[in-house]
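Residue numbering for the sequence shown follows the numbering used here, beginning at -3 and increasing consecutively. Reading through the structure tokens given below for one structure.
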Amino acid sequence: MEFFFTGKGRVVPDAIPGRAYRYEYYHQDHLGNTRVGYSDLNDDHAITNDEIIQESHYYPFGMTIAGMQTQQVGPEHKFKFQGQELQDDFGLNWYGFKWRNHDPSIARFFGVDPLAEKYVYNSVYAFQENKLGLGTELEGRELDFLPWLTAEVATNPDGPVAATAGFAMGVGKHVENSVEGIGNMVAHPIETLDNMSALANPLLNPEKYSQFAVSMGMAATEKINIMENGTAFEQGMVVGEAAAFVGEMILVSKGVGALTKGAEGAAVMSEVSESTTQTVFRVFGADARAEGFSWTPTNPTSIPNFRNVAGLPSGGASGATNSAEFMVTGQVKPTNIIQTRPALPLDGNVGGLPEYIIDPKNVTLTDFSVLKP
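Encoded structure:
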């Protein structure tokens, strides 16, 4: 036997005469990463630097930093990044989470997220929902928020910790687009400065501010309302989404200043009024269920060629059929709209209809209709 685990480390065979085994203790940081291990190698009941048997340092996604690792004696302790086991057989060097394997060199999982349908806005291979620093990866399925962070946001939603957490969540929501957004800033400096100055105060150019807000998938007045009257956590999420959205990195300048609430938004809000919820529709039937993530703000009964512009599956290459025999109507808060996009073409239908991606649990149903076939 090379070793067996204990609650704080492990027990390994010892070469000191009269002592068959010795204890090794391993300490983790706030993210669960194993950082340092030590043992009483000299049997003098005191620990010195030369008795640190293992030390590890990591990049954000778990790859170890070259030249900063130590392994002095005994078999290597392989439960390292976030306390998960490093699988280095055959030079693999990936971490085995419960549900799938993570390769820190590419910052991605190999397998598809088993909860992919719950997080439709996120890449199916993303590690920790791309929200580093907010918690740990829960068994290869989703983000597990740090308990102290959750408590801090709940008790002090207007504090700096809440603002930072909200920003990170917003960035994570569109992280795949953030690089292109930064590129747009660099490639178009004049336009960037122009928009930054215009958006520094929504009163200077409310039309442009509204256009940016709508393009990010939320009604303009709702965005402005959050930036002026919401908590620091909510404002941070708006800023984070803006920072990562394609071409909208310029909103960061507005967002940083808006984390402290301003009064100028009252003038904008007095000019534009909006319900706190929005009406959405979903047609279904055959393979499609009433509870789904695809909705539209356009009433299907008002469009003669709805099936075509909605890109409904029609038994072709998709292998599925939405008969559109039934329709449900509901209300949703703009903050619960995960994504907006034109409906995708499918099975010969052209698509293009405005489509909202919404978790159905966030839709309050108000009506049910039977449509003509």
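By construction, the Cβ of each residue, glycine as well, lies at the ideal position given by its N, Cα and C atoms. Given the structure is predicted, the values throughout are model-derived calculations rather than measurements.
Beta-carbon proximity list for residue i, same chain, < 6 Å, skipping 5 on both sides
{"i": "ASN118", "result": "GLU125"}
{"i": "ARG278", "result": "TRP291, VAL324"}
{"i": "LYS4", "result": "TYR21"}
{"i": "ALA227", "result": "Before going on, a small fix: residue 227 reads as Thr here, not Ala. Hits under 6 Å: PRO153, ASP154."}
{"i": "ALA286", "result": "PHE280, VAL324"}
{"i": "ASP363", "result": "THR325"}
{"i": "ASN97", "result": "TRP90, PHE106"}
{"i": "GLY63", "result": "none"}
{"i": "GLY162", "result": "PHE229, GLY232, MET233"}
{"i": "THR371", "result": "Since the displayed the chain opens at -3 and closes at 369, residue 371 lies outside it and no answer follows."}
{"i": "GLN68", "result": "ILE49"}
{"i": "SER365", "result": "MET323"}
Boundaries of the beta strand (DSSP E) in which residue i is found, first to last residue
{"i": "TRP90", "result": "90 to 92"}
{"i": "HIS23", "result": "17 to 24"}
{"i": "HIS98", "result": "97 to 99"}
{"i": "PRO9", "result": "5 to 9"}
{"i": "SER35", "result": "30 to 35"}
{"i": "LEU134", "result": "131 to 134"}
Beta-bridge partners of residue i, as assigned by DSSP
{"i": "GLY333", "result": "The sequence shown places Ile at residue 333, rather than the Gly named in the question. Its beta-bridge partners are ILE354."}
{"i": "SER365", "result": "MET323"}
{"i": "SER290", "result": "ILE353"}
{"i": "VAL328", "result": "GLN274"}
{"i": "LEU27", "result": "DSSP, once it has assigned bridges, lists no residue as partnering LEU27."}
{"i": "ASN318", "result": "ALA282"}
{"i": "THR66", "result": "GLU51"}
{"i": "PRO338", "result": "PRO350"}
{"i": "THR360", "result": "GLN327"}
{"i": "PHE(-1)", "result": "Answer is none; PHE(-1) lacks a bridge partner."}
{"i": "PHE105", "result": "HIS98"}
Simplified DSSP assignment, three categories, for residue i
{"i": "VAL276", "result": "strand"}
{"i": "ILE48", "result": "strand"}
{"i": "MET233", "result": "helix"}
{"i": "PRO71", "result": "coil"}
{"i": "GLU260", "result": "Note that GLU260 scores a pLDDT of 39, beneath 50, so its modelled location is shaky and nothing firm can be said."}
{"i": "PHE163", "result": "helix"}
{"i": "GLN83", "result": "strand"}
{"i": "ASN345", "result": "strand"}
{"i": "VAL157", "result": "helix"}
{"i": "PHE57", "result": "coil"}
{"i": "PRO296", "result": "helix"}
{"i": "PHE77", "result": "helix"}
{"i": "GLU138", "result": "strand"}
{"i": "ALA313", "result": "coil"}
{"i": "THR122", "result": "A quick correction: the sequence has Ala, not Thr, at residue 122. Of the three classes helix, strand and coil, the one that applies to ALA122 here is strand, per DSSP."}
{"i": "ILE222", "result": "helix"}
{"i": "GLU113", "result": "helix"}
{"i": "ALA228", "result": "helix"}
{"i": "VAL171", "result": "Low per-residue confidence applies at VAL171: pLDDT is 45, beneath 50, and the placement is therefore not dependable, though the value from the model is reported in the following sentence. VAL171: helix per DSSP, three-state reduction."}
Enclosing alpha helix (DSSP H) for residue i [first to last residue]
{"i": "ASN304", "result": "302 to 306"}
{"i": "ALA147", "result": "143 to 151"}
Residues near residue i by beta carbon distance below 8 Å, same chain, minus five either side
{"i": "GLU135", "result": "PHE93, LYS94, TRP95"}
{"i": "VAL120", "result": "VAL108, ASP109, ALA112"}
{"i": "GLY79", "result": "GLN24, GLY28, ASN29, THR30"}
{"i": "TYR115", "result": "ASP109, GLU125, GLU138"}
{"i": "SER314", "result": "LEU342, ASP343"}
{"i": "PHE141", "result": "LEU130, GLY131"}
{"i": "GLU47", "result": "TYR34, SER35, ASP36, LEU37, ASN38"}
Own chain, CB closer than 7 Å to residue i, minus 5 neighbours either side, in chain order
{"i": "PHE57", "result": "PRO100, ALA103, PHE123"}
{"i": "THR317", "result": "ALA282, ASP283, PRO309, SER310, GLY311"}
{"i": "GLY348", "result": "VAL305, PRO338, ALA339"}
{"i": "LYS74", "result": "GLU81, LEU82"}
{"i": "SER52", "result": "THR30, ARG31, THR60, GLN65, LYS76"}
{"i": "PHE(-1)", "result": "ARG6, VAL7, VAL8, PRO71"}
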